[in-house]
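Per UniProt numbering, the sequence shown starts with residue 1, numbered consecutively.
To start, the structure itself, in structure tokens.
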Amino acid sequence: MADGNKSSDVIVCYSPTMITTNGIWQGDNPLDYSLPLFILQLTMIVLLTRILVFVLKPFRQPRVISEILGGIILGPSVMGQNKELAETIFPPRSVMILETMANVGLLYFLFLVGVEMDLSVIRRTGKKALVIAVAGMILPFLIGISFSFLLLQKTQMVKQGTFILFLGAALSVTAFPVLARILAELKLLNTEMGRIAMSSALVNDMCAWIMLAFAIALAENQTMTFTSFWVILSGAAFVVFSIMVVRPMIEWIIHETPEGENISEFYICIILTGVMICGFITDSIGTHSVFGAFVFGLVIPNGPLGATLIEKLEDFVSGLLLPLFFAISGLKTQISAINGVGTWAILVFVIVLACAGKIAGTLIVALYYRMPFHEGVTLGILMNSKGLVEIIVLNVGKDQKVLDEKSFAIMVLVTLAMTSIITPSVTTIYKPARKYGSHKKRTIQGMKQDSEFRILVCVHSPKNVPTIINILEISNPTKRSPICAYVLHLVELTGRSSAMLIVHNNRKSGSQPLNRTQAQSDHIINAFENFEHQIQCVTVQPLTAVSPYSTMHEDICAVAEDKRVAFIIIPFHKQQTVDGKMEVINPSFRMINQNLLANAQCSVGILVDRGFNSSSKLSAHQISHHVAMLFFGGPDDREGLAYAWKMSDHHGVNITVMRFIPGDDMSETNSEPCFDQDDPRVLTVLTDNDKEKQLDEDHINAFRAKSTNDDSIVYTEKIVSNGEETVAAIRSIDNIHDLFIVGRGQGMISPLTAGLTDWSECPELGAIGDLLASSDFGATYSVLVMQQHVSMGAHGDAVVGTPDSPGQVATLGYGVDGGHFGLGAGGGGHFGLGAGGGGHFGLGAGQVAAVGGVASVGGDAGVFGVGGVFGFGGVGVFGVGEEGDGDFGLCTGGSFGFGEGGGGQ
1 MADGNKSSDV
11 IVCYSPTMIT
21 TNGIWQGDNP
31 LDYSLPLFIL
41 QLTMIVLLTR
51 ILVFVLKPFR
61 QPRVISEILG
71 GIILGPSVMG
81 QNKELAETIF
91 PPRSVMILET
101 MANVGLLYFL
111 FLVGVEMDLS
121 VIRRTGKKAL
131 VIAVAGMILP
141 FLIGISFSFL
151 LLQKTQMVKQ
161 GTFILFLGAA
171 LSVTAFPVLA
181 RILAELKLLN
191 TEMGRIAMSS
201 ALVNDMCAWI
211 MLAFAIALAE
221 NQTMTFTSFW
231 VILSGAAFVV
241 FSIMVVRPMI
251 EWIIHETPEG
261 ENISEFYICI
271 ILTGVMICGF
281 ITDSIGTHSV
291 FGAFVFGLVI
301 PNGPLGATLI
311 EKLEDFVSGL
321 LLPLFFAISG
331 LKTQISAING
341 VGTWAILVFV
351 IVLACAGKIA
361 GTLIVALYYR
371 MPFHEGVTLG
381 ILMNSKGLVE
391 IIVLNVGKDQ
401 KVLDEKSFAI
411 MVLVTLAMTS
421 IITPSVTTIY
431 KPARKYGSHK
441 KRTIQGMKQD
451 SEFRILVCVH
461 SPKNVPTIIN
471 ILEISNPTKR
481 SPICAYVLHL
491 VELTGRSSAM
501 LIVHNNRKSG
511 SQPLNRTQAQ
521 SDHIINAFEN
531 FEHQIQCVTV
541 QPLTAVSPYS
551 TMHEDICAVA
561 EDKRVAFIII
571 PFHKQQTVDG
581 KMEVINPSFR
591 MINQNLLANA
601 QCSVGILVDR
611 GFNSSSKLSA
621 HQISHHVAML
631 FFGGPDDREG
641 LAYAWKMSDH
651 HGVNITVMRF
661 IPGDDMSETN
671 SEPCFDQDDP
681 RVLTVLTDND
691 KEKQLDEDHI
701 NAFRAKSTND
711 DSIVYTEKIV
721 SNGEETVAAI
731 RSIDNIHDLF
741 IVGRGQGMIS
751 PLTAGLTDWS
761 ECPELGAIGD
771 LLASSDFGAT
781 YSVLVMQQHV
791 SMGAHGDAVV
801 GTPDSPGQVA
811 TLGYGVDGGH
821 FGLGAGGGGH
831 FGLGAGGGGH
841 FGLGAGQVAA
851 VGGVASVGGD
861 AGVFGVGGVF
871 GFGGVGVFGV
881 GEEGDGDFGL
891 CTGGSFGFGE
901 GGGGQ
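Following this line, the structure appears as structure tokens:
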């Protein structure tokens, strides 16, 4: 047998005519023929992989774990222990066909990986992600080199220099495709940490391919020779050729395809053939065929072409052909070669050290950039993702006789262990929910009059733009209260694994958009930038969110949290047709709206867009618009009134506020919050209802007092007794209005809208919003359905505010502690109620409880604190103290103090 890498350890003889069998009735054994045997092998591999995916799914393991495990089970380590079975299912004569098909599948899979990668992310990658990528490679690479010296003592390797390079590359690389799928599974793809991890992994993956090219070039020789130099130079020339020649040809194909039409099958066939050609070229120049396919995938521009290629190939390649590659890797993995306690100890040591090195290198940089400690650790764990590239490195190393059986088996198990611990570790350590709710809630009602009004505007298509721009214009931007509008173009993630948030900063005009999505983004950005130039005191920041619709709301919430916006406007999932009816544009839009309403940490408005009706010019820069606000009561209606109030200061806006009041024959409890009867908060229902009524009255009275002499504001009250009268009253409003503002009415049940919800099509709009959005109602105006965010603290604290007194926070809380509970509410004049077990209670009211200006009364707990701030004491003693001008407070003893009752305020 010859030396070198060009010979095999086994010489196999086979008959070229034994491809298909004549059938079992002719006495043939199908497993003696190539095609039936290959079909059986492929079926077993795919079935086993799918079973393992199903079994490991509850543990949230990436599919690559199932594929590697499947290969090991089918290999000599498990099934191969039965020699007769192994010789029957995987005879040596079948390995060549199996490995050939596996490499074809690998070729196309790496092409898809290249297509999914967006190299523009590297250009946008900040210094932080770049440094994290480098730091996350250096320390594990050094550990890999150290481990290689340790392993060399236990193996008889000839090519020690190349061996060191292979192990260093295998331990230091981060698998970009695996990481993308792990982040998507953990719902971290669109978080700031997810974006840093993806950017770092992309840089890391690029470095891994460069190292792989060097390793393959050096595999033939112990040192850098003239031949190795030509291999590396040829590889670099191929990359340049692909960028300078191949990519323009692909762009020409895209431009030749009319917008909105599918790519020609002829062009698709040319591109798929090009994958083979590129693989042939790079294999011929001495690198590896997958390198050519990967580079060819990288030069495919982002857009419909990439999505089409992925759609046509991904299921077939990933589901059918790629498992063949892992099966071949499993057939090469001899776990029994890892013999002796010392070798297993080395294996465990390397796993721990490699993980720790990756985490340490990443954590140091993360702490330098002042990232939280737990985020730095989580990022380091994520960067330990291993997968296909590592298996390719190891297979090439084994094929080139750089790795022996023991080294190969150890490194396969290291890859398996490092990837399998990622999801459980990240789930335990990182809790993204920590970020949300940590800041004071933001609403229009709670804004200071002279503060900046920050709005997040979500746009699906250019059709949403005109009405939203009109709404922003009449929101009354002034020097004292300017508007900062963050315009977020929502784009569905199709084909690309790297979901991202694109910030558009002074994009150069004149360049032709490569696809329809980019053309839409350009159109939207231009419209809002023109609006910014025409209207004073308005700042526009365009952004584009590219992510799956199922997690799109996370992008929106993240931007809203990051930018501290008070209000989000998002389009309704239906649009008006030519005949005036409403039709669904995309059902996924509704899912986004529902998720946003449930998760947003600020107020949200769903815009039912029917356009702004014809308007009359008042002056060169003023347009007359008529806005109607329907007020039924509750936090959402108060938020709607606050927004209408802000619009009323605009000289070109006329506001009509119609308040609906229940008739005398109706139940006194006309609207109640919905609570679970088993919830301790049910004790506060009646007080809550009274409080809501008082807040409604205060808000309406403040609005009326300010608008008394304002001719542009019309306030009317309608007394109604049921849903029918409510609908009739709404129909009586003039059709001159361009926009109706209504509250969603979350958690409220009102007889005023009784029966309106029975036939509701879109409950997320509330009873009135759904009525106005319905095609049957026949409305011709746009509708903005408001939801005010009411944050609930750990003990039920709810926070609201008023435009006139934003600094005074009204609080409502409860606490339960061994039968004792406390309730407190405030805002304009603070009100508190506390009760203890045994029928003893205390009651108090006062203006922001100033020390020395509050009186306290102690009941059943006698001795009270100095200054009346809090009281506690012994049995049978009763004390009263009073200071200030009539403001007094009362405290009970036991476990209840001023403003506290088991956590309640």
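Don't be surprised by glycine CBs; every beta carbon is placed ideally from N, CA and C.
These numbers come from a predicted model, not from an experiment.
The ligand SAH heavy atom lying under 7 Å from the CB of residue i
i	result
V396	With respect to small molecules bound, the structure shown includes none, and the ligand SAH cannot be examined in it.
Backbone CA spacing between residue i and residue j [nearest angstrom]
i	j	result
V685	D522	Bear in mind that a pLDDT of 48 at V685, under 50, signals an unreliable position, so the number given afterwards is only what the model happens to contain. So the alpha carbons of these two residues sit roughly 51 Å apart.
N302	V113	13 Å
N470	G357	55 Å
R442	E697	22 Å
L493	T517	11 Å
F589	C458	11 Å
I250	I300	7 Å
P571	N464	7 Å
A417	I68	11 Å
V559	V720	42 Å
V131	N654	55 Å
Q788	E764	13 Å
I422	F147	22 Å
L320	G105	8 Å
I232	F241	14 Å
Outcome for residue i when other beta-carbon atoms lying within 10 angstroms are tallied against a minimum of 16
i	result
residue 933	Outside the displayed span of the chain (1 to 905) sits residue 933, for which this structure offers no information.
H553	buried
A170	buried
C355	buried
P424	exposed
E375	buried
E84	exposed
A527	buried
V785	buried
F238	buried
C557	buried
G663	exposed
A236	exposed
R454	buried
W230	exposed
E311	exposed
K479	exposed
Q536	exposed
S497	Any answer about S497 is weak, because its pLDDT of 46 lies below 50 and its placement is not dependable; what the coordinates show is given next. When all chains shown are included, S497 counts as buried.
M383	buried
I24	exposed
Y368	exposed
F612	buried
Nearest neighbour of residue i, chosen from the options [CA to CA]
i	options	result
C762	H573, Q787, N722 and A417	H573
V317	L42, Q694 and G634	L42
E261	I346, P304, F349 and F291	P304
D738	S707, G633, M211 and T467	T467
H460	P477, I569 and V559	I569
M371	L695, I391, Y430 and S336	Y430
F628	L413, G743, H533 and V565	Correcting the residue type first, residue 628 is Ala in the shown sequence and not Phe. It is G743 whose Cα lies nearest to the Cα of A628.
A293	F280, G286 and P635	F280
V790	D636, P58 and G652	D636
N689	S750, T539 and S648	S750
V414	V173, K128, L756 and S782	V173
E99	S707, T273, I392 and M117	I392
Integer-rounded CB distance, given that residue j should sit under 8 Å from residue i
i	j	result
L388	F408	Not quite, the Cβ-Cβ distance comes to about 16 Å (not below 8 Å), so this is no contact.
F631	V657	6 Å
I138	L379	Wrong, their Cβ atoms sit about 16 Å apart, outside the cutoff.
T419	V203	Not a contact, Cβ separation roughly 19 Å.
**Message:** Pairs of beta-carbons, one from the region 543 to 557 and one from the region 591 to 599, closer than 8 Å: are there three or more?
**Reply:** yes
**Message:** Check whether the region 314 to 333 and the region 69 to 85 touch, using three or more Cβ-Cβ pairs below 8 Å as the test.
**Reply:** yes
**Asked** Quick one: any contact between the region 27 to 46 and the region 78 to 97, if contact means 3 or more CB pairs under 8 Å?
**Response** yes
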